[in-house]
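Notes follow once the structure below has been shown.
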Amino acid sequence: MAVELAEMIGQLRAELTEAMRQGESENADLRFELGPVELELTISVDKEAGPGAKVRFWVVELGADAKIAQNSTQRITLTLDPRRAGEPDRRPLISGAEVDGER
Numbered sequence: 002m003a004v005e006l007a008e009m010i011g012q013l014r015a016e017l018t019e020a021m022r023q024g025e026s027e028n029a030d031l032r033f034e035l036g037p038v039e040l041e042l043t044i045s046v047d048k049e050a051g052p053g054a055k056v057r058f059w060v061v062e063l064g065a066d067a068k069i070a071q072n073s074t075q076r077i078t079l080t081l082d083p084r085r086a087g088e089p090d091r092r093p094l095i096s097g098a099e100v101d102g103e104r
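The sequence shown begins at 2 in the working numbering and counts up one residue at a time.
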């Protein structure tokens with residue numbers, strides 16, 4: 002299974018936003034400053050043919066099907082430095098209860 006890079010980053014943004022929201026509502030004594038988030042990904046790049054063609058970056062999951070495996074894949078590292086829109090000079094604080102499946 003492959004996921005578009007933009008979709009994966011959007012899901013990460015949603016989960017970090019939820020962790021910040023939970024931390025604010027829990028009045029937690031202990032909160033964490035959110036620093037840079039480093040992602041190491043295996044991606045496949047596809048380009049459509051024809052006018053207005055797009056290049057798409059797909060994040061490849063381990064054990065992906067043979068179709069993706071036959072495309073050329075690359076490993077990339079992205080470093081994201083999350084900031085709140087209204088407070089770009091302050092790092093966000095996060096908290097929240099552990100969710101099943103988290104490490």
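Every residue gets a Cβ at the ideal spot worked out from N, C-alpha and C, and that includes glycine.
As assigned by DSSP and simplified to three states, the class of residue i
i, result
"serine 45", "strand"
"arginine 85", "strand"
"glutamate 19", "helix"
"alanine 65", "Legend: pLDDT at alanine 65 = 49, less than 50; position of this residue unreliable, value from coordinates given subsequently. It is coil, neither helix nor strand."
"arginine 57", "strand"
"leucine 94", "strand"
Sequence-distant residues of its chain with Cβ nearer than 8 Å to residue i (five each side left out)
i, result
"threonine 74", "Thr43, Ile44, Ser45, Val61"
Under 8 Å between C-beta atoms of residue i and residue j
i, j, result
"threonine 80", "glutamate 16", "no"
"arginine 32", "leucine 94", "yes"
Which residues DSSP lists as bridging residue i, in chain order
i, result
"glutamine 75", "Ile44"
"glutamate 5", "Trp59"
Nearest-angstrom Cβ-Cβ length linking residue i and residue j, presumed shorter than 8 Å
i, j, result
"leucine 13", "phenylalanine 58", "That pair is no contact at about 15 Å."
Close Cβ partners of residue i (< 7 Å) along its chain, the five nearest in sequence each way excluded
i, result
"arginine 92", "Glu34, Leu35, Gly36"
Other residues of its chain near residue i: CB distance less than 6 Å, five sequence neighbours each side excluded
i, result
"arginine 76", "Thr43"
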